[in-house]
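Chains as they are written, first to last, in my numbering: chain F, 1 to 219; chain X, 220 to 438.
By construction, the Cβ of each residue, glycine as well, lies at the ideal position given by its N, Cα and C atoms.
For clarity, every value in this text was computed on a predicted model and none was experimentally measured.
Worksheet: the structure to be examined is printed underneath.
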DNA sequence: CCAAAATTGGACCCGCAAGTCCAGAAATCA
DNA sequence: TGATTTCTGGACTTGCGGGTCCAATTTTGG
C-alpha cells in the first residue's frame, strides 16, 4: 500500500490525496522511514494505553526519536499526528476485513465476512484506537470528519455492492434498497462495536450482523 | 426523580444504589443543592464545549462555586465528577424517549418512538456528552462500564418488552427472539448515532430504525 | 569532495489545570 | 445562645505535557 518506489519525489506527504499542512516539502529515504515509524509507534502506543494517556513523550520514547523530530515531521504538533494515526487506523479497519468484504457473492461468503468481523473485534478487545482518536480531536474537526466519512462511505459501498450482487443472483429481492440496507447494517456493526467497547460483551455485534443478514435473506 | 423529601438522612449520596466513594457522609439542604448545581452545570458545560475542553475552572465559573467546594463534594476530583455527570446524562437518554419508549403497543406507537429518537438526536446535534465522558474516563473504568451497561440493559429491556407485547397481539411472529432482535435494533441506533456524531448525517440512524422495525413487522 | 539541505538530539520554556490548604461564614442542634 | 459541624472563598503549589530553539550531524546532489 505504501512503498512508493521512487524516493525524493516532490510530492506532499499526506497519502491518498488528503490535503492539509503536512510539513517539509521533501523527504529523504531516512526521513520517510522515520516519519512512518513515528506514526506506527504512536498508533501502537495509543492502542495500548489509550489516546488520553498517550503523550508525545511516550511516542518519543517508543519510537526512539526526539521532540524536534516529532515537530519536524508534524509541524502542527499532536493534532496532526493524531490525524495521521486516524488515517492509518481507518485503513486497517477495512483491510482487516479483506478479502471477505470484497467478495460477498454467496450466502456462505456473507457468513465468512460476518465471522471475520466478529473475530477482528474480539481480537482487538476493549480498545478502539480510531474512535478514541476521533473523539480526542473532536468530531467537528474537518480532518477527523473527513477520515470517518470516507471510511463509512467505502465500507457502506462494499456492503451495498455485495447486496446488489446477490440481487443479481436472485437471492435478494430487487425491490430492496441496497444503499439503505447497507447503511442500516453498517450502523448495526458500529453500534455493536460501541456496545462491546463500553460493556465488554460482543453479543450486540453478533446480533446486529445476524439479524441484519437474515433481513436481507428473507424475500 | 430526585427531591427526596427528608433531608439530612444519613444516606450515602450516590443515587440509585451506585456504590463508590462519594464524599461527606451527610449533606445539609444547601449542600445538596450546591452539589446538584455542580453536576448539572458540569453537564451543561460539557455539552457545550466538549469534555476534553472542559476544566474544573469552567465548571467553577458557571456554577458560581469555588475549587474547595468542588473537592468538598467530589473528593476524588474530576474523575468522580465526570462519573456523576455520566450517570446524569444516562438518565436523560432514556427519559428523553419517554413516554414513547415505554408504550410500544402498536405500529403507530413504534413509529412515534422512532420519530422521537430521530428528533432527539437531531436536536442534540454533533455532541454526545455521554459518549464523550465515557471515552474520557476510559471504557475500562469499572464505574463508567457500569453506567453504560446499565443504560444498555434498560434500553434493550424496554425494546424487548415492546416486541413481546406485539407478539402478544399477534403482530410479530412468536418464533422471533425478542432479546436478540432488541439487541440488534439497539446496536443499530447506537451505530446510527455514532455515524451522525462523526459525519453529521442522520441517514444511518433513520435507516437503522426503519429497517430494524420493518424487520420486526415482516412475518 | 564540497556546499546545501535534510535530519537529529535534547535542553529549555511556558501555561494550564488538577489538587491542597486554611481561615472565615453559615447552618445545625442541644 | 453557644458549641459543633458543615459549607464556602480563593490564594497557592505542583507537575506535566505541548511546543520552541539551536547547534551538531548526516545525507544528498553536483
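In this chain, the alpha helix (DSSP H) harbouring residue 39(F) covers 29-49. For residue 401(X), the secondary structure class from DSSP, reduced to helix, strand or coil, is helix. By the CB criterion at 8 Å, residue 405(X) and residue 132(F) fall outside the cutoff. Those residues of the region 272-293 of chain X placed with their C-beta closer than 9 Å to a C-beta in chain F are 272, ordered along the chain.
The C-beta of residue 287(X) has fewer than 16 other C-beta atoms within 10 Å across all chains shown, which makes the residue exposed. No Cβ-Cβ contact shorter than 8 Å links residue 193(F) with residue 403(X).
Think of a sphere of 8 Å around the beta carbon of residue 134(F): the chain X residues whose beta carbon falls inside it are 417, in chain order.
Around the beta carbon of residue 392(X), fewer than 16 other beta carbons lie within 10 angstroms, which makes this residue exposed. Of all residues in the region 245-274 of chain X, only 269 and 271 come within less than 7 Å of chain F when Cβ atoms are compared, listed by chain position.
The three-state secondary structure of residue 352(X), taken from DSSP, is helix.
Boundaries cannot be given for residue 74(F), as no alpha helix (DSSP H) includes it and DSSP labels it neither H nor E. When C-alpha distances from residue 300(X) are compared across 333(X), 311(X) and 356(X), the shortest belongs to 356(X). Rounded to the nearest whole angstrom, the CA to CA distance from residue 73(F) to residue 50(F) is 22 Å. In the displayed model, residue 288(X) falls within a helix according to three-state DSSP. When only Cα atoms are considered, residue 197(F) and residue 189(F) end up about 12 Å apart.
Under the Cβ criterion of 8 Å, residue 431(X) is counted among the residues facing chain F. Where residue 283(X) is concerned, there is no enclosing alpha helix (DSSP H), because DSSP gives it neither an H nor an E.
Given a length threshold of 4 residues, each whole run of the alpha helix (DSSP H) inside the region 329-383 of chain X is given here in chain order: 348-355. A direct Cα-to-Cα measurement between residue 311(X) and residue 214(F) gives close to 33 Å. Chain-order list of chain X residues neighbouring residue 102(F): empty, with the shortest C-beta distance near 21 Å, by a criterion of under 9 Å. With the rule of 3 Cβ pairs closer than 8 Å, the region 112-120 of chain F counts as touching the region 87-104 of chain F.
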